[in-house]
Every structure is written in structure tokens, then in C-alpha cells.
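Please read the structure below before turning to the comments.
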Amino acid sequence: MSINYAKTIPAVKRPGLPQVEAPAVSGVSERLIRRLTVSTSLEAADIEAIVRLPMIVKDLPAQAAIAREGEKPAQCCLLIDGFACRSKTTDVGKRQILSIHIPGDVPDLQSLHLHTMDHDLTTLSASRVGFIAHDSLRAITRERQLVAEALWRETLIDAAVFREWIVNVGRRPATSRMAHFLAEIGKRIEAVGLAHADEYDLPMTQIDMADALGLSPVHVNRVIQELRRSGVLELRKHAVSIRDLPQLMQLADFDDLYLHQNQAV
Numbered sequence: 001m002s003i004n005y006a007k008t009i010p011a012v013k014r015p016g017l018p019q020v021e022a023p024a025v026s027g028v029s030e031r032l033i034r035r036l037t038v039s040t041s042l043e044a045a046d047i048e049a050i051v052r053l054p055m056i057v058k059d060l061p062a063q064a065a066i067a068r069e070g071e072k073p074a075q076c077c078l079l080i081d082g083f084a085c086r087s088k089t090t091d092v093g094k095r096q097i098l099s100i101h102i103p104g105d106v107p108d109l110q111s112l113h114l115h116t117m118d119h120d121l122t123t124l125s126a127s128r129v130g131f132i133a134h135d136s137l138r139a140i141t142r143e144r145q146l147v148a149e150a151l152w153r154e155t156l157i158d159a160a161v162f163r164e165w166i167v168n169v170g171r172r173p174a175t176s177r178m179a180h181f182l183a184e185i186g187k188r189i190e191a192v193g194l195a196h197a198d199e200y201d202l203p204m205t206q207i208d209m210a211d212a213l214g215l216s217p218v219h220v221n222r223v224i225q226e227l228r229r230s231g232v233l234e235l236r237k238h239a240v241s242i243r244d245l246p247q248l249m250q251l252a253d254f255d256d257l258y259l260h261q262n263q264a265v
């Protein structure tokens, strides 16, 4: 029996989606299963194999290095709670955030085959991270074809997000750039049942946003104030409240095709 597990956990309910029975899982395994089943339907045996994956769980503070450029990790990490980012820093100390990661993501999956890290992976907030040995991941991908396909699909979606980020940073004006960023994070958070797309926590400073969007912190502040005055957005500390989601989407020229959600196969 194939199970789209993202549809079975009573978190954020999405009207019109069927609810089916799924094996009981721990909170740690749930994060990974929920993420994988956004785009892949897994069988009960696949879910059981994921639940049995050996994992070392660590609590990390904000701004902690999960993996550094040049390291050769022997494990991948599952983000269980908190936010993290991938980044590169120039020789004069300027940082570019390359991607944002939310609970359920495995942001260094490429280390399974690319043995040397070519970027930094850092927590943005206090986070709980599960470390899964490469040998364990190789074993499950050999034994469970659908799990292997799900992980491969995740790397392809990751590449699609990178392509969209290049367009966003390189070609959209600052206000649209910010709107697109906020729309994407909301859609991704909603897809894994953590919050609604228009109400969520974003544990990033304006400096973090500037480094992700290729703007100065002053420009980021100006854009946020503009969105606030227009009635589209409220951002207080780390709480994002989108007052007019359709308007934000229009402003962002947002099409979520690149996220490949709700296309479980």
C-alpha cells in the first residue's frame, strides 16, 4: 500500500485531501517522512525502514556550524526543529546565503556522493539536528527503491529552488524579491504541516535576509516598511503575518511550480 504520509498527520489541514492510516512514527522520523511524502508516496515498509534509521540527535544554538566548507562529513543531517542556511563567504568577509532550510529538510544530502563540503551549513536559530551516517543512508537506498527515488527527487527539487533563487536575486526588484522570498518560505512551511502560508515564524534577522536577497540591511528594512504600509505584511520580531496573500503572490510574480509540491508519485 502506498502512503502519502504528508496527508496523514493532523497538523495544518488542507481541504479536499484524503486521510489514510499510516504507521506510528517518532517525532524525529516524522519530520523526514513528512518532507519526503510531499513529492513521493511511500509504502508502509518504506516508512518503517526510515523509522529504523540510526540517528544521533543534537541540540545546537543559533549560528552553530553544522558543516563547514572543506570538511569531509561521514553523515548527513536532518533538520528536526529550527532553521538553517547554506552560505558562501568571499575572501573579504561578505556572506551570500544560498538557501534556507526548515524542519524536515536534509540540506547536505549531496555529501553522500560529493565528499567535500563546498559551502557552509549553519543554524539560523536554536535547532535540533539528527545526524544519519552515510552508510545507513546508502543501505536504505539499496533496500528501498521508493526511498531512494524520494531522496533523489529531493535533490532535484533543491536544484529547482536554486534556479528560482538565481532569478529572484538577479532579476527581480527589491520589493518583489522580498515578497517572493516570504511567499516561498510560507508555502514550504505549510507543505510539511508546520504552519499556514500566511502565518509563520521566521527566525531570521534583517542582516540574514539581506545576505539571502543580495540587499543591504537598510534596503531590507525599507522594503519591509513598504510592504507594511501597503497592508500586505506584518513582521514583528520573527512573526510573519501576511495580510493579503494573493497580493503578495502577484507582487512577487510567484508561481510555486518549482517547489513541486502535491505531486506525489
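With the first letter of the sequence shown counted as 1, position 209 gets the number 209 in the working numbering; the numbers rise by one all the way through. We treat Cβ as the ideally placed atom computed from N, Cα and C, and that holds for glycine.
At least 7 Å separates the beta-carbon of Ile224 from that of Pro217. Excluding residues up to 5 positions away in sequence, Pro54, Ala74 and Gln75 lie with their Cβ nearer than 7 Å to the Cβ of Ala133 in the same chain. By the Cβ rule, the segment 77–84 counts as touching the segment 98–111, because three or more pairs are nearer than 8 Å. DSSP, read as helix, strand or coil, puts Ala239 in strand. In the structure shown, Gln261 adopts coil according to DSSP, grouped into three states.
For Lys88, the enclosing beta strand (DSSP E) stretches over residues Ala84 to Thr89. Taking each of Ala62, Gly93 and Gly70 in turn and checking the Cα distance to Cys85, the smallest one comes out for Ala62. Looking at Ser29, Arg177, Val161 and Ala139, the one whose alpha-carbon comes closest to that of Leu112 is Ala139. Non-local C-beta neighbours of Gly231 in its own chain, meaning closer than 6 Å and more than five positions away in sequence, comprise Arg243, ordered along the chain.
Sequence-distant Cβ neighbours of Leu245 in its own chain, meaning closer than 7 Å and more than five residues away, are Ala197 and Asp198. For His101, no alpha helix (DSSP H) segment is defined; the enclosing uninterrupted segment is the beta strand (DSSP E) at Arg95 to His101.
For Arg228, the enclosing alpha helix (DSSP H) begins and ends at Pro217 to Arg229.
Around the beta-carbon of Asp118, fewer than 16 other beta-carbon atoms lie within 10 Å, marking it exposed.
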